[in-house]
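Chains as they are written, first to last, in this note's numbering: chain A, 1 to 254; chain B, 1001 to 1254. So the structure is just underneath, and the comments pick up after that.
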């Protein structure tokens, strides 16, 4: 029998999952990770409907990920994979990956999840029937990214405003978590984004962004050498920090 | 042998191709139409690389489409189809459809295309090798939507501004045509969009929107009855009309 902790699907990479580099955008990379984990949960009888029986839903607390220098191109057939790494009473940890058909990984991510009561809007113990089928080991500790200092208009290199749009909301009736990446990276501008390739990232979700909030995206370049750059990027609604991230960029050759 | 005019692929509908209704958003519906037509062209040896040999690329002039009341839900396996309907020296017409596995159509669209010289940025005759393999009939006339009066800030019911973002640009290094739909529909607001289901639409692309333009989206509700509503929606950059569309909406029951 297959390992119930792991699940993979084949995926034909669409052009609209890629940015102008012809490789998957970060928001779509994470969206594909969510896609395979939702299919995994459905397959195990632990999908959205099972969560709603407990008046709850999974939320993502944080991601961290590494990307290879080599990335797939739209039109490629790839593997999306996920593994339920560990679970305890309040938290679960999943691994996600994108790979070629030979299993060579383009990206590996780890995500920390918890389960919220949809009425009280707060974390509740994870119902056993939602995780037992995976036979995942007991999760010891969380490896969440550490908090960074909050950027202000003055300490940021730049800030830009983004109105939350109707189509930022997904079938869960919440602003899709992956949109935060588009808001975070856009202020860096075409010149920076075309010259740099993302190699590592982490993000912590702190507070929910809602429709039709006005989001403020701030960034600061922390280090920049001949070969790489590091940025911290934060999303605010008013004075409230909603997401805190850092990105490691490798300069593209040419 | 199969009819070279037609091409279909199976597609597993991802949650991020759907909006909060759990059905495909209009922008993703059109993106999936483009996806299947690009795969069709690739399959026939008439893809992007073949176009670039002539220093050219296809552009879309207009779409019109009809949507059924019944729509697929994320997770569904669907069919994406396309047919090269007709071709003449300067124009081509394609049909696109989304269907269930039994062939029942959720949406049918027609698109008018031309071929542009990428240096001169203007329409050129379609190279024969890009269309001959389809054995499509001679296209008589174009059926483009008629022009509507240009909305102004005063004559529009509402206008909203949208900054073109880095991730609006696709692998063709142009603002993706499907983004226009998100800009067009967002100003209608959640209240309207949640209560209405799109049943028919047409759009004419008039001028290219570029990064980092500031887009103005204007709409006017033209008719609204107990059962349906009709809106005209236009995209401007400055005073220049970039896209002109109309949408027929059916009120949702409940």
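We treat Cβ as the ideally placed atom computed from N, Cα and C, and that holds for glycine. Please read these numbers as outputs of a predicted model, since none were measured by experiment.
Relative to residue 1203(B), the option among 1193(B), 1179(B), 1196(B), 1226(B) whose CA is nearest is 1179(B). Secondary structure at residue 1068(B): coil, using DSSP grouped into helix, strand and coil. Judged by DSSP secondary structure, residue 1109(B) falls within the beta strand (DSSP E) whose first and last residues are 1105 to 1117. Inclusion of residue 1011(B) and residue 1067(B) in the CB contact set at 9 Å is not warranted, their separation being larger than that value. Listed along chain B, no residue sits closer than 8 Å to residue 115(A) by beta-carbon distance, the nearest being about 19 Å off. Residue range 1228 to 1237 is occupied by the beta strand (DSSP E) that includes residue 1230(B).
Burial is judged here by how many other beta carbons sit within 10 angstroms of a residue's own beta carbon; residue 1173(B) has fewer than 16 and is exposed.
Ranking 1050(B), 1216(B), 1191(B), 1232(B) by CA distance to the CA of residue 1251(B) puts 1191(B) first. Between residue 127(A) and residue 244(A), the C-beta gap is not smaller than 9 Å, which leaves the two residues out of contact. For residue 77(A), no Cβ of chain B is located within less than 9 Å of the residue's own Cβ. Among the residues of chain B, none has a CB under 8 Å from the CB of residue 88(A); the nearest is roughly 27 Å distant. Judged by DSSP secondary structure, residue 14(A) falls outside any beta strand (DSSP E); it is assigned neither H nor E. The three-state secondary structure of residue 96(A), taken from DSSP, is strand. A Cβ-Cβ separation of about 11 Å leaves residue 1016(B) out of contact with residue 177(A) under the 8 Å criterion. The criterion of a C-beta distance shorter than 9 Å is not satisfied by residue 1218(B) and residue 1247(B). For residue 1129(B), there is no enclosing beta strand (DSSP E), since its DSSP letter is neither H nor E. With contact defined as three or more Cβ pairs closer than 8 Å, the segment 1039 to 1049 of chain B and the segment 1139 to 1158 of chain B are not in contact.
Less than 9 Å separates the beta-carbon of residue 1165(B) from that of residue 186(A). When the beta-carbon positions are compared, residue 1054(B) and residue 1130(B) come within less than 9 Å of each other.
Assignment of residue 4(A) by DSSP, reduced to helix, strand and coil, places it in the coil class. The Cβ atoms of residue 163(A) and residue 215(A) sit closer than 9 Å to each other. Here residue 27(A) is buried: its Cβ has 16 or more other Cβ atoms, across all protein chains shown, within 10 Å. CA-to-CA, the gap between residue 96(A) and residue 64(A) works out to about 10 Å. Listed along chain A, no residue sits closer than 9 Å to residue 1094(B) by beta-carbon distance, the nearest being about 16 Å off.
Residue 1175(B) carries a strand assignment under DSSP once its states are collapsed to helix, strand and coil.
In this chain, the beta strand (DSSP E) harbouring residue 161(A) covers 158 to 163.
Rounded to whole angstroms, the separation of the alpha carbons of residue 249(A) and residue 1032(B) is 31 Å. Of all residues in the segment 122 to 145 of chain A, none is placed with a Cβ closer than 8 Å to any Cβ belonging to chain B. Residue contact check for residue 71(A) against chain B: no CB pair falls below 9 Å. In terms of Cβ geometry, residue 25(A) and residue 182(A) form a close pair [threshold 9 Å]. For residue 1031(B), at least one C-beta of chain A is nearer than 9 Å to its own C-beta.
Chain A places no beta carbon closer than 9 Å to that of residue 1209(B), leaving this residue out of the contacts.
In the structure shown, the three-state DSSP call for residue 187(A) is helix.
In this structure, residue 123(A) places its C-beta atom within 9 Å of the C-beta atom of residue 90(A). Contact check for residue 1112(B) against residue 1092(B) passes: the beta carbons are separated by less than 9 Å. Annotation for residue 1051(B): the continuous alpha helix (DSSP H) segment containing it runs 1048 to 1053.
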